[in-house]
Amino acid sequence: MDAIEERVSGKEIRLIIRDQGSSFICWVQNPWTGEFPSKNILFSPNFSTKQGEHSGLGLYICKQLTHRLHGELDCHFNPEEGVVFTLSIPRIIDIVGIEKQVATG
């Protein structure tokens, strides 16, 4: 949703989801203008590129949930194309194991 709110006028957002056999991969490409923060900062709690009352927890929570699902969330930035977020999660997930992990923290 943030990609839609922050998109550059006249530019499109691309979403691609692929079944890679043992995992699902999702790419979101968003035209980005301005300076792009480092990955260490981008996925940190309380960091936001938005002005106003934003908690800055969205990408941090996404990264934490992805990790609990034994997946990966990453991004790269190219000034000509914008930012591409890549989400990869295993096709087979041990739901019971994850529920125990979440319950115990």
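Under my numbering, read the sequence shown as residues 59 to 163, first letter to last.
We put the beta carbon where it would ideally sit given N, CA and C, even for glycine.
These numbers come from a predicted model, not from an experiment.
* Asked: Between which two residues does the beta strand (DSSP E) carrying ARG72 extend?
  -> Where ARG72 is concerned, the enclosing beta strand (DSSP E) stretches over 72-77.
* **Residues that DSSP places opposite GLU130 in a beta bridge** => SER146
* Residues near PRO148 in its chain [Cβ-Cβ closer than 6 Å; skip 5 each side] -> Excluding residues within five positions, the ones whose Cβ falls inside 6 Å are SER81 and HIS128.
* **7 Å Cβ cutoff met for SER83 and ARG76** => Just to set this straight, residue 83 is Ile in the shown sequence, not Ser. Yes. Within cutoff.
* Counterpart residues of PHE82 in DSSP-defined beta bridges -> In DSSP, PHE82 forms a bridge with ASP77 and ILE147.
* Asked: Exposed or buried, which one is ILE74 when buried takes at least 16 other CB atoms within 10 Å?
  -> exposed
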